[in-house]
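Student: For what it's worth, our numbering labels the leading residue of the sequence shown as -2, then goes sequentially.
Glycine is no exception: its CB is placed at the ideal position from the N, C-alpha and C atoms.
A quick note: this is a predicted structure, and the numbers were derived from the prediction, not measured.
There's a structure below that I have some questions on.
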Amino acid sequence: MAFAIAAAFLAALFLILGRGKVMSLKAVDAAARAPAMMLALGAGISLVWRISGAPFAPSEWTAAGADALLAVIAFAAAAQFRITRLATVCPASFRLTLGGAPIFLIVCGLAAFILVPQLSLSAAFLLAGALTLNGAAFDRRVVTGAPAPATLKAAVRLESAAILALGIPVAVLLEAVATAAPQDMPLATPLFDASRGFLIAFALGGGLGLAAAYCGALPRLKKHAAGLAVAAGFVVFVISPFIGAHPVIAAASAGLLWGEQTEALTMTRVRLRRMAERVVAPLAYFGFGLVLAPRILQADLLIVLFAAAAVTIMRAGPRLAALRKTSLPPESQMFLAWFGGAPGVASALFLISLFDAPSIVAQDAVLTVGAVAVTFGILAARLTSRPLVKLLLKQTALARRRAKFAG
């Protein structure tokens, strides 16, 4: 029942994505650019609902809806780049994805295990895996709409997409590690089941994604390349549970293989992601506020300390270390180290998807700490994005003047 609702919800989303007119609504754009407001609105409604004593929707429905939204974001992010050319096209994004993100995952997991006594080691790394995901659209527009260097814009656009597309499988496996095995079953049973679902999902999603890419290259179907990709993502999401595959990984795999082989223009990819984020981001932040934001009231000092560190020094430090050997100017390295990587849409949705997983060790603590960290990350990104862009443009202009004077 829950999956049927999620499938219908996803069908509605894909129908909206296929109709560009809906995406031009000013209210939708305003909601997508105001994540803190949507989160606060959801939290306020949740508190009023709780006080009134009204019943909440079943947890499996909530988790299924989160999976549907996460599949849309994962598919759109994976379709943004060719994984085999990422290191050549954007070295900064490549280093942030394969260097900065893993370092953050390790540092964040160990810090969570040390600072939050309620978390076991596996639960701490599950939390770190959720916070590694990002996908916040509201702060990225500040850079893409400013007269910033083209290399910086490319890094901002691609690194969040790459980390999201490649980080979701890691987060799913960490979820399996943190899940208790059924009674009288081997401890590795959840990990084995998750690995099997991962492989089936990759084979199914990748196969349909490649088929959509090849069909989209045909002369008669070139105009419908993006539509074929969306159809492939929807089909694999619906089919996956019936063959033991993970639906979100299947959708991400379809986007990843389609992005690798498609001949569609970069603008088609970007438009696909923008449309997805315009619909998903407001719903994700509102749902996060509705379901998890009230847990902030349960946080103690250690949780607040960890959450503050996770979205500041633990996030910026590994990113800066990963960017040191790139050709980017120092001011651009400092900017990217702080600007990106904050937990956003994908982190919020992944945490909501854990709402119906009581077999996860220390599930309640993971959700509480994650709620505080994501809220802090949204506020930090929202409050600092515009001042940082202004400072970057000023520093870039000064650097150009010094270079011109020296030359």
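Pick helix, strand or coil for THR259, following the three-state DSSP scheme.
Tutor: Walking along the sequence shown from the start, residue 259 turns up at place 262. Coil, per DSSP.
Student: Does the Cβ-Cβ distance between VAL232 and LEU207 come in under 8 Å?
Tutor: For the purposes of this step, residue 232 is identified with residue 235 of the sequence shown, where counting begins at 1. For the purposes of this step, residue 207 is identified with residue 210 of the sequence shown, where counting begins at 1. Result no, Cβ atoms of VAL232 and LEU207 do not sit closer than 8 Å.
Student: Count the other C-beta atoms from every protein chain shown that fall within 10 angstroms of the C-beta of LEU184, then say buried if there are 16 or more, exposed otherwise.
Tutor: Position 187 of the sequence shown, counted from the first residue, corresponds to residue 184. So LEU184 ends up on the exposed side.
Student: Mind checking PHE285: buried by the 16 CB within 10 Å criterion, or exposed?
Tutor: The residue you call residue 285 lines up with position 288 of the sequence shown. Looking at its Cβ environment, which holds 16 or more other Cβ atoms inside 10 Å, PHE285 is buried.
Student: Roughly how many angstroms separate the alpha carbons of VAL245 and PRO187, rounded to a whole number?
Tutor: On the sequence shown, residue 245 is found 248 positions in, with the first residue counted as 1. On the sequence shown, residue 187 is found 190 positions in, with the first residue counted as 1. Rounded to the nearest angstrom, the two C-alpha atoms are 17 Å apart.
Student: Exposed or buried, what is MET182 when buried is set at 16 or more other beta-carbons lying within 10 Å of its beta-carbon?
Tutor: Walking along the sequence shown from the start, residue 182 turns up at place 185. So MET182 counts as exposed.
Student: Classify THR176 as helix, strand or coil using the three-state DSSP reduction.
Tutor: On the sequence shown, residue 176 is found 179 positions in, with the first residue counted as 1. It is a strand residue.
Student: Tell me which same chain residues have a C-beta within less than 8 Å of the C-beta of LEU302, skipping the five on either side of it?
Tutor: Taking the first residue of the sequence shown as 1, we reach residue 302 at position 305. LEU112.
Student: Leaving out five residues on either side along the sequence, give the residues of the same chain with a beta carbon under 8 Å from the beta carbon of THR393.
Tutor: In the sequence shown, residue 393 corresponds to position 396, counting from 1. Within the same chain, THR393 has close Cβ partners ALA145, PRO146, PRO326, GLU328 and SER329.
Student: Would the region 267 to 282 and the region 95 to 108 be scored as touching if the rule is three or more Cβ pairs under 8 Å?
Tutor: The answer is no - the region 95 to 108 does not touch the region 267 to 282, with fewer than three Cβ pairs under 8 Å.
Student: From GLY50 to VAL342, what distance separates their C-alpha atoms?
Tutor: Here residue 50 refers to the residue found at position 53 when the sequence shown is read from its first residue. Here residue 342 refers to the residue found at position 345 when the sequence shown is read from its first residue. Each residue's alpha carbon lies about 29 Å from the other.
Student: Applying the 10 Å Cβ sphere with the 16-neighbour rule, what's the burial state of GLU260?
Tutor: The residue labelled residue 260 in the question sits at position 263 within the sequence shown. GLU260 is exposed by the Cβ-count criterion.
Student: If you compare alpha carbons, which of ALA198, LEU155 and ALA152 is closest to VAL169?
Tutor: Along the sequence shown, read from residue 1 onward, the residue named residue 169 stands at position 172. The option with the nearest alpha carbon to VAL169 is ALA198.
Student: Using a threshold of 8 Å, state whether the C-beta atoms of ALA307 and ALA368 are closer than that.
Tutor: As a first step, residue 307 is located in the sequence shown; it is residue number 310 there, counting from the start. As a first step, residue 368 is located in the sequence shown; it is residue number 371 there, counting from the start. Contact: no.
Student: Taking the CB atoms as reference points, tell me whether ILE70 and GLU257 lie closer together than 8 Å.
Tutor: Locating residue 70 in the sequence shown gives position 73, counting from the first residue. Locating residue 257 in the sequence shown gives position 260, counting from the first residue. Going by C-beta atoms, ILE70 is not nearer than 8 Å to GLU257.
Student: In the DSSP output, what is ILE357 paired with across the bridge?
Tutor: Here residue 357 refers to the residue found at position 360 of the sequence shown. THR176, per the DSSP bridge assignment.
Student: My output table needs one value for GLN115: the three-state DSSP class, helix, strand or coil.
Tutor: Residue mapping note: residue 115 aligns to position 118 of the sequence shown, counting from 1. Here GLN115 sits in coil by DSSP.
Student: State the DSSP-derived secondary structure class of PHE308, mapped to helix, strand or coil.
Tutor: What you label residue 308 is simply residue 311 of the sequence shown in a count that begins at 1. According to the sequence shown, residue 308 is Val rather than Phe. Three-state DSSP puts VAL308 in coil, outside helix and strand.
Student: What separation, rounded to the nearest whole angstrom, lies between the Cα atoms of LEU395 and THR323?
Tutor: If you number the sequence shown from 1, residue 395 lands on position 398. If you number the sequence shown from 1, residue 323 lands on position 326. Going by the C-alpha atoms only, they are around 21 Å apart.
Student: Helix, strand or coil for MET20 per DSSP?
Tutor: Position 23 of the sequence shown, counted from the first residue, corresponds to residue 20. The predicted position of MET20 is uncertain, since its pLDDT is 45 and thus under 50; no value can be drawn from it.
Student: Give a yes or no on whether the C-beta atoms belonging to LEU333 and ALA89 are separated by under 8 Å.
Tutor: On the sequence shown, position 336 is the one that residue 333 refers to. On the sequence shown, position 92 is the one that residue 89 refers to. Yes, these two residues count as a Cβ contact at 8 Å.
Student: If you compare alpha carbons, which of LEU201, VAL288, PRO340 and ARG266 is closest to ALA247?
Tutor: Within the sequence shown, numbered from 1, the residue matching residue 247 stands at position 250. It is LEU201.
Student: In the structure shown, what three-state DSSP assignment does ARG379 receive?
Tutor: Taking the sequence shown and counting its residues from 1, one reaches residue 379 at position 382. DSSP places ARG379 in helix when its eight states are reduced to three.
Student: Would you mind working out which of ALA339, VAL366 and ALA222 sits nearest LEU299, comparing C-alpha positions?
Tutor: Walking along the sequence shown from the start, residue 299 turns up at place 302. That would be VAL366, whose Cα lies nearest to the Cα of LEU299.
Student: Alpha carbon to alpha carbon, how far is GLN180 from ALA377? Give it in angstroms, no decimals.
Tutor: Numbered from 1 along the sequence shown, position 380 holds the residue referred to as residue 377. Numbered from 1 along the sequence shown, position 183 holds the residue referred to as residue 180. One C-alpha to the other measures close to 43 Å.
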